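Trainee: Numbering (full-length UniProt numbering), first residue to last: 1 to 315. Right, I'll just put the structure down here and ask away after.
In C-alpha coordinates form, the structure reads like this:
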(Lines of atoms letter the chains of each structure in order from A; the text may use other names.)
(Lines give C-alpha, C1' and ligand atoms only; values in the text may rest on other atoms or scores of the structure.)
Protein backbone atom coordinates (compact mmCIF):
# COMPACT_ATOMS: atom_id res chain seq x y z
CA UNK A 1 0.00 0.00 0.00
CA UNK A 2 1.30 3.43 -0.92
CA UNK A 3 1.86 5.84 1.95
CA UNK A 4 2.73 9.53 2.09
CA UNK A 5 6.46 9.91 1.61
CA UNK A 6 7.97 11.78 4.54
CA UNK A 7 11.56 10.80 3.81
CA UNK A 8 14.23 13.47 3.84
CA UNK A 9 17.87 13.54 2.80
CA UNK A 10 20.62 15.45 4.57
CA UNK A 11 22.49 17.88 2.34
CA UNK A 12 26.22 18.55 2.66
CA UNK A 13 25.24 21.96 4.05
CA UNK A 14 23.68 20.23 7.04
CA UNK A 15 20.04 20.91 6.14
CA UNK A 16 17.33 18.30 5.53
CA UNK A 17 15.52 18.19 2.17
CA UNK A 18 12.21 16.35 1.59
CA UNK A 19 12.68 13.62 -1.01
CA UNK A 20 9.36 14.29 -2.71
CA UNK A 21 8.38 17.76 -3.81
CA UNK A 22 6.28 19.65 -6.30
CA UNK A 23 7.76 20.93 -9.53
CA UNK A 24 6.01 24.15 -10.58
CA UNK A 25 7.17 24.61 -14.19
CA UNK A 26 4.21 26.06 -16.13
CA UNK A 27 2.21 26.43 -12.89
CA UNK A 28 1.45 30.11 -13.30
CA UNK A 29 -1.52 32.43 -13.04
CA UNK A 30 -4.54 31.53 -10.92
CA UNK A 31 -4.63 27.85 -11.87
CA UNK A 32 -1.01 27.44 -10.85
CA UNK A 33 -1.59 29.24 -7.58
CA UNK A 34 -4.55 27.00 -6.76
CA UNK A 35 -2.58 23.83 -7.54
CA UNK A 36 0.33 24.90 -5.35
CA UNK A 37 -1.98 25.90 -2.51
CA UNK A 38 -3.79 22.55 -2.71
CA UNK A 39 -0.46 20.73 -2.72
CA UNK A 40 0.58 22.47 0.48
CA UNK A 41 -2.73 21.72 2.15
CA UNK A 42 -2.49 17.98 1.43
CA UNK A 43 1.03 17.62 2.74
CA UNK A 44 3.66 18.82 0.26
CA UNK A 45 6.52 20.55 2.05
CA UNK A 46 8.96 20.94 -0.82
CA UNK A 47 8.31 23.43 -3.63
CA UNK A 48 10.55 23.97 -6.64
CA UNK A 49 10.32 27.13 -8.74
CA UNK A 50 12.64 29.32 -10.83
CA UNK A 51 12.94 32.82 -12.21
CA UNK A 52 12.63 31.28 -15.67
CA UNK A 53 9.21 29.83 -14.75
CA UNK A 54 7.80 33.33 -14.16
CA UNK A 55 5.66 32.07 -11.27
CA UNK A 56 7.58 33.01 -8.14
CA UNK A 57 4.80 35.42 -7.13
CA UNK A 58 2.19 32.66 -7.33
CA UNK A 59 4.39 30.29 -5.34
CA UNK A 60 5.00 32.90 -2.67
CA UNK A 61 1.33 33.80 -2.42
CA UNK A 62 0.36 30.15 -2.05
CA UNK A 63 2.88 29.75 0.77
CA UNK A 64 1.48 32.82 2.51
CA UNK A 65 -2.15 31.79 2.08
CA UNK A 66 -1.54 28.20 3.18
CA UNK A 67 -0.98 29.29 6.76
CA UNK A 68 1.91 26.84 7.02
CA UNK A 69 4.92 28.30 8.84
CA UNK A 70 7.65 29.27 6.40
CA UNK A 71 10.23 27.15 8.24
CA UNK A 72 8.19 24.00 7.55
CA UNK A 73 8.46 24.43 3.77
CA UNK A 74 11.60 23.63 1.76
CA UNK A 75 11.68 26.23 -1.00
CA UNK A 76 13.95 26.10 -4.04
CA UNK A 77 14.37 28.72 -6.73
CA UNK A 78 16.96 29.16 -9.46
CA UNK A 79 19.33 31.67 -10.97
CA UNK A 80 18.32 32.57 -14.50
CA UNK A 81 20.87 32.27 -17.31
CA UNK A 82 20.89 36.00 -17.97
CA UNK A 83 21.85 36.72 -14.34
CA UNK A 84 25.09 34.73 -14.10
CA UNK A 85 27.18 37.86 -13.62
CA UNK A 86 25.13 39.13 -10.66
CA UNK A 87 23.58 36.27 -8.66
CA UNK A 88 23.26 38.33 -5.45
CA UNK A 89 21.04 40.87 -7.20
CA UNK A 90 19.04 38.11 -8.88
CA UNK A 91 18.49 36.36 -5.55
CA UNK A 92 17.17 39.57 -4.00
CA UNK A 93 14.73 39.94 -6.88
CA UNK A 94 13.54 36.36 -6.44
CA UNK A 95 13.03 36.88 -2.71
CA UNK A 96 10.98 39.99 -3.41
CA UNK A 97 8.76 38.15 -5.89
CA UNK A 98 8.37 35.21 -3.50
CA UNK A 99 7.68 37.47 -0.54
CA UNK A 100 10.05 35.55 1.73
CA UNK A 101 13.24 36.39 3.61
CA UNK A 102 15.22 33.36 2.46
CA UNK A 103 15.12 30.29 0.24
CA UNK A 104 16.29 26.88 1.35
CA UNK A 105 18.07 26.14 -1.91
CA UNK A 106 19.33 28.37 -4.72
CA UNK A 107 20.40 26.60 -7.91
CA UNK A 108 22.30 27.70 -10.98
CA UNK A 109 19.53 26.74 -13.42
CA UNK A 110 21.82 25.93 -16.34
CA UNK A 111 25.63 26.05 -16.50
CA UNK A 112 25.37 28.40 -19.49
CA UNK A 113 25.43 32.19 -19.07
CA UNK A 114 23.34 34.21 -21.50
CA UNK A 115 23.77 37.88 -22.35
CA UNK A 116 21.44 40.07 -20.32
CA UNK A 117 19.13 41.98 -22.65
CA UNK A 118 17.27 43.50 -19.72
CA UNK A 119 13.76 42.13 -20.24
CA UNK A 120 13.85 38.73 -21.94
CA UNK A 121 13.68 35.71 -19.65
CA UNK A 122 15.61 33.75 -22.29
CA UNK A 123 17.68 36.27 -24.28
CA UNK A 124 18.04 35.39 -27.96
CA UNK A 125 20.26 36.64 -30.74
CA UNK A 126 19.17 37.98 -34.12
CA UNK A 127 18.80 34.43 -35.47
CA UNK A 128 16.52 33.35 -32.64
CA UNK A 129 19.10 31.25 -30.81
CA UNK A 130 19.91 31.54 -27.12
CA UNK A 131 22.38 34.38 -26.84
CA UNK A 132 25.26 32.64 -25.05
CA UNK A 133 27.74 34.84 -23.18
CA UNK A 134 31.04 33.26 -24.21
CA UNK A 135 33.05 35.72 -22.10
CA UNK A 136 31.67 34.29 -18.85
CA UNK A 137 31.59 30.77 -17.41
CA UNK A 138 29.68 28.65 -14.93
CA UNK A 139 32.83 28.46 -12.79
CA UNK A 140 32.83 32.26 -12.41
CA UNK A 141 29.14 32.17 -11.56
CA UNK A 142 29.73 29.58 -8.84
CA UNK A 143 32.54 31.70 -7.40
CA UNK A 144 29.98 34.48 -6.86
CA UNK A 145 27.23 32.15 -5.64
CA UNK A 146 29.49 30.87 -2.87
CA UNK A 147 29.09 34.24 -1.13
CA UNK A 148 25.31 33.91 -0.87
CA UNK A 149 24.95 31.59 2.16
CA UNK A 150 26.83 34.16 4.26
CA UNK A 151 23.99 36.64 3.71
CA UNK A 152 21.39 34.45 5.41
CA UNK A 153 19.19 34.76 2.33
CA UNK A 154 19.86 31.19 1.22
CA UNK A 155 20.68 28.10 3.24
CA UNK A 156 22.14 25.85 0.55
CA UNK A 157 23.42 26.40 -2.97
CA UNK A 158 23.58 23.99 -5.85
CA UNK A 159 23.55 23.49 -9.58
CA UNK A 160 21.25 22.10 -12.23
CA UNK A 161 21.74 20.29 -15.53
CA UNK A 162 25.34 19.33 -14.73
CA UNK A 163 26.94 16.18 -16.12
CA UNK A 164 30.12 14.50 -14.90
CA UNK A 165 32.37 16.58 -17.17
CA UNK A 166 30.92 19.81 -15.79
CA UNK A 167 31.39 18.42 -12.28
CA UNK A 168 35.10 18.08 -13.02
CA UNK A 169 35.32 21.61 -14.42
CA UNK A 170 33.64 23.09 -11.36
CA UNK A 171 35.05 20.97 -8.55
CA UNK A 172 38.63 21.16 -9.84
CA UNK A 173 38.55 24.94 -10.21
CA UNK A 174 40.81 26.73 -7.69
CA UNK A 175 38.00 29.19 -6.90
CA UNK A 176 35.57 26.46 -5.83
CA UNK A 177 35.42 26.30 -2.03
CA UNK A 178 31.90 24.90 -1.62
CA UNK A 179 30.69 21.65 -3.18
CA UNK A 180 27.17 22.02 -4.57
CA UNK A 181 24.58 20.57 -2.20
CA UNK A 182 22.28 19.52 -5.04
CA UNK A 183 22.34 18.88 -8.77
CA UNK A 184 18.88 18.97 -10.34
CA UNK A 185 18.74 17.09 -13.64
CA UNK A 186 16.33 15.41 -16.01
CA UNK A 187 16.15 11.85 -14.74
CA UNK A 188 13.63 9.07 -15.31
CA UNK A 189 13.67 5.37 -16.27
CA UNK A 190 14.37 6.26 -19.91
CA UNK A 191 17.28 8.44 -18.72
CA UNK A 192 18.51 6.71 -15.53
CA UNK A 193 21.88 8.50 -15.38
CA UNK A 194 23.70 5.63 -13.65
CA UNK A 195 27.14 7.25 -13.90
CA UNK A 196 25.90 10.61 -12.62
CA UNK A 197 24.05 8.97 -9.72
CA UNK A 198 27.18 7.11 -8.65
CA UNK A 199 29.57 10.05 -8.94
CA UNK A 200 27.14 12.43 -7.23
CA UNK A 201 26.93 10.04 -4.30
CA UNK A 202 30.72 9.85 -4.12
CA UNK A 203 31.01 13.63 -4.08
CA UNK A 204 28.23 14.18 -1.55
CA UNK A 205 25.91 15.89 -4.03
CA UNK A 206 22.21 15.04 -3.84
CA UNK A 207 20.50 14.50 -7.19
CA UNK A 208 17.01 15.85 -7.79
CA UNK A 209 15.02 14.50 -10.72
CA UNK A 210 12.92 16.84 -12.82
CA UNK A 211 10.66 15.26 -15.44
CA UNK A 212 10.74 12.13 -13.22
CA UNK A 213 7.76 10.67 -15.08
CA UNK A 214 9.20 11.29 -18.53
CA UNK A 215 7.49 13.60 -20.98
CA UNK A 216 4.37 13.83 -23.10
CA UNK A 217 6.40 12.68 -26.10
CA UNK A 218 7.58 9.56 -24.29
CA UNK A 219 5.49 8.97 -21.14
CA UNK A 220 7.25 6.48 -18.90
CA UNK A 221 4.03 5.88 -16.98
CA UNK A 222 2.52 4.27 -20.07
CA UNK A 223 5.34 1.76 -20.38
CA UNK A 224 3.83 -1.73 -20.26
CA UNK A 225 6.25 -2.91 -17.59
CA UNK A 226 5.49 0.08 -15.38
CA UNK A 227 1.76 -0.49 -15.83
CA UNK A 228 2.18 -4.15 -14.94
CA UNK A 229 4.08 -3.26 -11.76
CA UNK A 230 1.40 -0.75 -10.83
CA UNK A 231 -1.19 -3.51 -11.08
CA UNK A 232 0.99 -5.84 -9.03
CA UNK A 233 1.32 -3.33 -6.17
CA UNK A 234 -2.17 -1.84 -6.60
CA UNK A 235 -0.78 1.67 -7.09
CA UNK A 236 -0.52 4.17 -9.95
CA UNK A 237 2.23 3.92 -12.57
CA UNK A 238 3.52 7.28 -11.35
CA UNK A 239 3.89 5.90 -7.84
CA UNK A 240 6.00 3.05 -9.21
CA UNK A 241 8.38 5.43 -10.95
CA UNK A 242 8.61 7.89 -8.06
CA UNK A 243 9.29 5.03 -5.66
CA UNK A 244 12.13 3.92 -7.96
CA UNK A 245 13.66 7.38 -7.61
CA UNK A 246 13.36 7.49 -3.83
CA UNK A 247 14.84 4.01 -3.40
CA UNK A 248 17.85 5.09 -5.48
CA UNK A 249 18.38 8.06 -3.17
CA UNK A 250 17.17 10.53 -5.79
CA UNK A 251 14.83 13.39 -4.84
CA UNK A 252 11.83 13.69 -7.19
CA UNK A 253 9.76 16.76 -8.04
CA UNK A 254 6.86 15.68 -10.28
CA UNK A 255 4.53 18.41 -11.46
CA UNK A 256 0.76 18.33 -11.76
CA UNK A 257 -2.21 20.66 -11.44
CA UNK A 258 -4.75 17.85 -11.03
CA UNK A 259 -5.84 17.40 -7.38
CA UNK A 260 -6.07 13.60 -7.59
CA UNK A 261 -2.61 13.32 -9.15
CA UNK A 262 -1.13 15.72 -6.65
CA UNK A 263 -2.44 13.47 -3.90
CA UNK A 264 -1.28 10.18 -5.42
CA UNK A 265 2.14 11.55 -6.41
CA UNK A 266 2.90 12.23 -2.76
CA UNK A 267 2.69 8.53 -1.92
CA UNK A 268 5.32 5.85 -2.52
CA UNK A 269 5.91 2.14 -1.97
CA UNK A 270 8.89 -0.16 -1.48
CA UNK A 271 9.70 -1.97 -4.71
CA UNK A 272 11.13 -5.47 -4.46
CA UNK A 273 14.77 -5.70 -5.65
CA UNK A 274 13.82 -7.48 -8.86
CA UNK A 275 11.21 -4.81 -9.65
CA UNK A 276 13.65 -2.02 -8.90
CA UNK A 277 16.03 -3.63 -11.38
CA UNK A 278 13.26 -3.99 -13.95
CA UNK A 279 12.54 -0.26 -13.87
CA UNK A 280 16.27 0.50 -13.98
CA UNK A 281 16.53 -1.42 -17.25
CA UNK A 282 13.68 0.28 -19.10
CA UNK A 283 16.16 2.58 -20.85
CA UNK A 284 17.19 -0.42 -22.95
CA UNK A 285 13.85 -0.09 -24.73
CA UNK A 286 14.18 3.62 -25.27
CA UNK A 287 16.81 6.16 -24.26
CA UNK A 288 15.37 9.65 -24.26
CA UNK A 289 16.25 13.18 -23.12
CA UNK A 290 13.51 15.78 -23.39
CA UNK A 291 15.39 18.92 -22.38
CA UNK A 292 18.02 19.24 -25.08
CA UNK A 293 18.62 22.80 -26.26
CA UNK A 294 21.11 24.52 -28.52
CA UNK A 295 23.31 26.46 -26.10
CA UNK A 296 26.15 26.68 -28.66
CA UNK A 297 28.43 24.91 -26.20
CA UNK A 298 28.82 21.22 -25.51
CA UNK A 299 26.30 19.82 -23.02
CA UNK A 300 25.19 16.36 -21.88
CA UNK A 301 28.60 14.74 -22.32
CA UNK A 302 27.37 11.58 -20.60
CA UNK A 303 24.93 10.99 -23.48
CA UNK A 304 27.68 10.51 -26.04
CA UNK A 305 27.49 6.73 -25.96
CA UNK A 306 23.82 6.58 -26.95
CA UNK A 307 22.49 9.88 -28.36
CA UNK A 308 21.80 9.55 -32.08
CA UNK A 309 20.92 13.16 -32.79
CA UNK A 310 17.16 12.73 -32.52
CA UNK A 311 15.11 14.63 -31.54
CA UNK A 312 17.00 17.69 -32.80
CA UNK A 313 18.14 20.34 -30.31
CA UNK A 314 15.56 22.99 -29.55
CA UNK A 315 16.31 26.66 -29.95
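For glycine and all other residues, C-beta sits at the position ideal for the given N, C-alpha and C. Just so you know, these numbers come straight off a predicted model, no measurement behind them.
Would you call the CB atoms of residue 225 and residue 166 closer than 8 Å?
Mentor: Contact flag unset, no.
Trainee: According to DSSP, simplified to helix, strand and coil, what is residue 106?
Mentor: Three-state result, residue 106: strand.
Trainee: Do the segment 221-240 and the segment 196-209 touch if we need at least three Cβ pairs shorter than 8 Å?
Mentor: No, the segment 221-240 is not in contact with the segment 196-209.
Trainee: Please state whether the Cβ-Cβ distance between residue 287 and residue 213 is less than 8 Å.
Mentor: No. Outside cutoff.
Trainee: Is it true that the CB of residue 242 sits closer than 8 Å to the CB of residue 265?
Mentor: Yes, Cβ-Cβ distance for residue 265 and residue 242 is below 8 Å.
Trainee: At which residues does the beta strand (DSSP E) containing residue 145 begin and terminate?
Mentor: Per DSSP, residue 145 belongs to no beta strand (DSSP E); it is in the alpha helix (DSSP H), 138-145.
Trainee: Rounded C-beta distance between residue 121 and residue 55? I'm assuming under 8 Å.
Mentor: Not quite, the Cβ-Cβ distance comes to about 11 Å (not below 8 Å), so this is no contact.
Trainee: Jot down the residue ranges of each uninterrupted alpha helix (DSSP H) in the segment 209-292, minimum 4 residues, whole runs only, in chain order.
Mentor: Runs found: 224-233, 237-247, 259-265, 273-280.
Trainee: Go through the segment 167-209 residue by residue and report every complete run of the alpha helix (DSSP H) that reaches 4 residues or more, in order.
Mentor: Listed in chain order, they are 194-203.
Trainee: Where are the beta strand (DSSP E) runs, 3 residues long or more, that stay fully inside the segment 53-139, in chain order?
Mentor: For the segment 53-139, whole beta strand (DSSP E) runs of length 3 or above, ordered along the chain, are 74-79, 103-108.
Trainee: Would you say the segment 51-65 touches the segment 86-98, given that touching needs at least three Cβ pairs under 8 Å?
Mentor: Taking 8 Å as the limit for Cβ pairs, the verdict is that the segment 86-98 does touch the segment 51-65.
Trainee: What is the rounded straight-line gap between the Cα of residue 257 and the Cα of residue 196?
Mentor: Residue 257 and residue 196: Cα-Cα distance of roughly 30 Å.
Trainee: Could you give the residue range of the beta strand (DSSP E) that holds residue 36?
Mentor: Taken as a continuous stretch (DSSP letters only), residue 36 belongs to no beta strand (DSSP E), being part of the alpha helix (DSSP H) at 29-42.
Trainee: Go to residue 157, then tell me how far its beta strand (DSSP E) extends in each direction, as first and last residue.
Mentor: Its beta strand (DSSP E) spans residues 154-160.
Trainee: Pull up the CB-CB distance for residue 290 and residue 186, whole angstroms please, since I reckon it's below 8 Å.
Mentor: Correct: roughly 6 Å between the Cβ atoms.
Trainee: Does the separation of the CB atoms of residue 11 and residue 181 fall below 8 Å?
Mentor: A contact, by the Cβ cut-off of 8 Å.
Trainee: With a threshold of 16 other CB atoms inside 10 Å of the CB of residue 32, please say whether the residue is buried or exposed.
Mentor: Looking at its Cβ environment, which holds 16 or more other Cβ atoms inside 10 Å, residue 32 is buried.
Trainee: I need the straight-line Cα distance from residue 255 to residue 158, nearest angstrom please.
Mentor: In a straight line, the C-alpha of residue 255 is about 21 Å away from that of residue 158.
Trainee: What distance in whole Å lies between the Cβ atoms of residue 19 and residue 34, which are believed to be in contact at a cut-off of 8 Å?
Mentor: With 8 Å as the limit, residue 34 and residue 19 do not qualify as a contact, their Cβ atoms being about 25 Å apart.
Trainee: Classify residue 11 as helix, strand or coil using the three-state DSSP reduction.
Mentor: Correct three-state label for residue 11: coil.
Trainee: Could you tell me the distance, in whole angstroms, from the CA atom of residue 52 to the CA atom of residue 230?
Mentor: When rounded, the distance between both Cα atoms is 34 Å.
Trainee: To the nearest angstrom, how far is the alpha carbon of residue 103 from that of residue 138?
Mentor: So the alpha carbons of these two residues sit roughly 21 Å apart.
Trainee: Please state if the CB of residue 253 and the CB of residue 5 are separated by a distance shorter than 8 Å.
Mentor: Result no, Cβ atoms of residue 5 and residue 253 do not sit closer than 8 Å.
Trainee: Classify residue 269: buried if its beta carbon has 16 or more other beta carbons within 10 angstroms, exposed otherwise.
Mentor: Label assigned to residue 269: buried.
Trainee: In whole angstroms, what is the alpha-carbon distance linking residue 179 and residue 204?
Mentor: Using only the alpha carbons, I get a separation of about 8 Å.
Trainee: Does the beta-carbon of residue 82 have 16 or more other beta-carbons within 10 angstroms, so that it is buried, or is it exposed?
Mentor: The residue in question, residue 82, is buried, as its Cβ has 16 or more Cβ neighbours within 10 Å.
Trainee: Could you spell out the range, first to last residue, of the beta strand (DSSP E) harbouring residue 299?
Mentor: First-last for residue 299: undefined, no H or E at that position.
Trainee: Would residue 113 pass as a contact of residue 133 if the rule is Cβ separation under 8 Å?
Mentor: Taking 8 Å as the Cβ cut-off, residue 113 and residue 133 qualify as a contacting pair.
Trainee: Go through its chain and collect everything with a Cβ distance to residue 43's Cβ below 7 Å, but skip five positions before and after it.
Mentor: Once the five neighbours on either side are set aside, the close Cβ partners of residue 43 are 4, 266.
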